[in-house]
Amino acid sequence: MAEKHVRFRVFRYKQGDPAPHYDTFTVTVNERTTVLEALQAIRRDQDGTLVLRHSCHHASCGTCGMRVNGREVLACVTNVWELDTPVVTVEPLQNAPLVSDLVVDMGPFYQTFTQAHLPLVRESEYLPESQVAEGVPFHMRFESCIECGLCVSACPVVASDPDYLGPATLAAVWRVVQEPRGEDADARIAWVDSEQGCWRCHVAMECSEVCPSNVDPGGSIMALRRELTRRALGIGRS
Numbered sequence: 290m291a292e293k294h295v296r297f298r299v300f301r302y303k304q305g306d307p308a309p310h311y312d313t314f315t316v317t318v319n320e321r322t323t324v325l326e327a328l329q330a331i332r333r334d335q336d337g338t339l340v341l342r343h344s345c346h347h348a349s350c351g352t353c354g355m356r357v358n359g360r361e362v363l364a365c366v367t368n369v370w371e372l373d374t375p376v377v378t379v380e381p382l383q384n385a386p387l388v389s390d391l392v393v394d395m396g397p398f399y400q401t402f403t404q405a406h407l408p409l410v411r412e413s414e415y416l417p418e419s420q421v422a423e424g425v426p427f428h429m430r431f432e433s434c435i436e437c438g439l440c441v442s443a444c445p446v447v448a449s450d451p452d453y454l455g456p457a458t459l460a461a462v463w464r465v466v467q468e469p470r471g472e473d474a475d476a477r478i479a480w481v482d483s484e485q486g487c488w489r490c491h492v493a494m495e496c497s498e499v500c501p502s503n504v505d506p507g508g509s510i511m512a513l514r515r516e517l518t519r520r521a522l523g524i525g526r527s
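Under our numbering, the sequence shown has 293 at position 4, and the numbering climbs by one with no breaks.
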């Protein structure tokens, strides 16, 4: 299998540092090497102080979200060879408090996300296993979102307005509206009908571009707007 040397320009920051900086490492990669594997090799062989998160290694958990060459990705499924650049720049997610190196504090993200009342706690009777609420495409199931935070990092509105609910939360609310399963969908949609809710979106659609699960948060925000418009006109849901 072919191999080549690739330079990695890695964002570095430790608590107490006067400012972040970048360190450069050279890693031997082959056609199958992922960014996560390269970072693990750096930590193992060159700098054991490099801090990063990882878990499943197959794009299911969302733990290894970061920015590679200026784009939000999951490092575990981002192929270094296919990037086809002599230098790979690796940075932490944006719009989240920095903890150390490539790790950010996801606490604020989860705090806002849970206000959408997901995961669902069902108080009504369960539907049979094979039954899905009418009009809800099966691929829109809750599990599609892996809560990686890539959409929030990529969103230009979150970058300028920390009070904006953000694409992940708004997409979660739309799932509740589609299939309440015991939740108060009316209360949730009233919550996002605000200046910091679905109307704050500038329709950049960066969130949908980077979503690794094809949840399409931007599309969900537009669906919320349509639903609110229908309700305001008194015509209900289509």
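Glycine included, each C-beta is placed from N, C-alpha and C at the ideal position.
Note that the structure is predicted; figures quoted are calculated from it, not measured.
Which of helix, strand or coil DSSP assigns to residue i
i	result
residue 355	strand
residue 380	strand
residue 334	helix
residue 340	coil
residue 475	helix
residue 313	strand
residue 441	helix
residue 481	helix
Integer-rounded CB distance, given that residue j should sit under 8 angstroms from residue i
i	j	result
residue 379	residue 295	Between residue 295 and residue 379 the Cβ distance is about 11 angstroms, and since that is not below 8 angstroms, they are no contact.
residue 477	residue 453	Contact doesn't hold; Cβ gap of about 17 angstroms is too wide.
residue 323	residue 367	6 angstroms
residue 395	residue 438	6 angstroms
According to DSSP, residues forming a beta bridge with residue i
i	result
residue 319	292
residue 362	355
residue 387	393
residue 297	314, 377
residue 368	323
Chain-order list of residues whose beta-carbon lies under 7 angstroms from that of residue i (same chain, five-residue window excluded)
i	result
residue 568	The chain is shown from 290 up to 527; residue 568 falls before or after that span and cannot be answered.
residue 474	465, 466
residue 309	300, 301, 302
residue 463	509, 512, 513
residue 504	433, 434, 460
Sequence-distant residues of the same chain with beta carbon closer than 6 angstroms to residue i, five excluded per side
i	result
residue 458	401, 402, 405
residue 491	446
Sequence-distant residues of the same chain with beta carbon closer than 8 angstroms to residue i, five excluded per side
i	result
residue 494	507
Would you be able to state if there are at least three C-beta pairs under 8 angstroms between the stretch 330 to 339 and the stretch 350 to 363? no
Taking contact to mean 3 or more Cβ pairs, one atom from each stretch, closer than 8 angstroms, check whether the stretch 378 to 392 and the stretch 436 to 446 are in contact. yes
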